[in-house]
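Taking the numbering used here as reference, the numbering of the sequence shown is continuous, increasing by one, and the terminal residue is 287.
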Amino acid sequence: MFWQTTRYSIDLTRPRVMGIVNVTPDSFSDGGRLADLSAALNHCERLLRDGAHILDIGGESTRPGAPPVPLEEELARVVPLVREAVKFGVPISVDTFKPAVMQAVLDLGADIINDIRALGQPGAVEVVSRHPSCGICLMHMHRDPLTMQVLPMQGDVVPPVRAFLSQAAARAVSAGVARGRIVLDPGIGFGKTVEQNFSLLARQAELLAEGFPLLVGWSRKSSLGAVTATQGLAPEAASRLAASVAAAVLTADRGAAIVRVHDVLETVQALAVWGAMREQATPDSHVLIAKKDQETLG
């Protein structure tokens, strides 16, 4: 399976690591660290040295409670970096839901639009449908960043998330976007409870049944802090490395094609270990292991 993007056809036969580049002052984990173009470019280069296959540049925080960013401010944060980053020789993704930002970065040669609103803003579908080959990530989000965790979803979220993503993909295809340009993202943490986020992981196969690759972002999310809390205290976002890497491996093991992460080096190393194991596994090895476990317990 391949993901068609502006300049690259990305081979998804093994999981790909998307490195996060936040040029924002208020992102939940690393806001303000990349305050100028030089720092942002240095960060991009470090992520690539660490093994990132894709860079995802964002100029507006989508953490719970984040206020909207004016168009001109987002353009000022993102455009200078994209102009330079497209020279790195790797796919460049831009995390935006604004059609004007999409158009600006695609004009600069960006490869992927990563949209938390699944092309739901007026004009967004038209921008990407006019582009001959850019990749698109359609994400599910309940409500908006200001309110999504105040009133999260209720009940079993897997069916409505699947239905939303299916409908979003169908709209894009109807607008002339080839299926091979589309990946889906269940939106971990975007208006879901801790239990609901983990149900999306446990039942990821149901989302894959739509026939599109999955891009999943667990990195440093609050749900990981909740389940790793000690004495009632959750670790700070930057201290959730082990949990983030574990979640990345689990989501890859359940079929995700791309993992979006802050900690690229550690994720790449963990996926290499997982991949080495997978190469030695026989098709029925899991059945044999399960049988031996049953015999031991019996």
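For glycine and all other residues, C-beta sits at the position ideal for the given N, C-alpha and C.
Residues of its chain near residue i, where Cβ-Cβ distance is below 6 Å and the 5 sequence neighbours each way are ignored
i	result
Ala245	Leu203 and Val205
Arg66	Val12 and Gly48
His42	Arg5 and Val6
Whether residue i touches residue j by CB criterion (8 Å)
i	j	result
Ala161	His129	no
Gly98	Arg(-4)	yes
Ala227	Gly214	no
Ala93	Leu44	no
Ser211	Gly180	no
Val150	Leu95	no
Leu127	Ile171	yes
Ile101	Met91	no
Thr182	Trp207	no
Start-to-end residues for the alpha helix (DSSP H) that takes in residue i
i	result
Arg160	Val147 to Ser163
Gly169	Note, Gly169: premise wrong, no alpha helix (DSSP H); not H, not E.
Arg288	Residue 288 lies beyond the stretch modelled for the chain, which goes from -10 to 287, so this question has no answer here.
Val253	Val253 to Gln269
Nearest-angstrom Cα separation, counted from residue j out to residue i
i	j	result
Gly47	Val250	13 Å
Met137	Gln269	43 Å
Val79	Asp252	18 Å
Asn186	Gly144	12 Å
Val68	Ile105	19 Å
Leu60	Met266	46 Å
Thr256	Val71	24 Å
Asp39	Leu254	5 Å
Val238	Gln258	10 Å
Collapsed DSSP secondary structure at residue i in the structure displayed
i	result
Met(-10)	coil
Thr182	coil
Cys123	coil
Asp0	strand
Gly54	coil
Arg106	coil
Thr219	strand
Val79	coil
Asp84	strand
Asp96	helix
Cβ shell of residue i (< 7 Å), same chain only, five flanking positions each side left out
i	result
Val166	Val117, Ser118 and Ile125
Pro53	Pro134, Met137 and Gln138
Element boundaries [beta strand (DSSP E), containing residue i]
i	result
Val10	Arg5 to Asn11
Arg35	Where Arg35 is concerned, there is no enclosing beta strand (DSSP E), although the alpha helix (DSSP H) it sits in stretches over Leu26 to Arg38.
Leu239	From DSSP, Leu239 is part of no beta strand (DSSP E) but of the alpha helix (DSSP H) over Leu230 to Asp242.
Minimum Cβ-Cβ distance from residue i to chain B less than 8 Å
i	result
Arg192	Of the protein chains in the structure, only one exists, and it is not chain B.
Residue i: CB within 7 Å of a non-hydrogen atom of the ligand SAH
i	result
Ala28	As for the ligand SAH, it is missing from this structure, which has no ligand bound.
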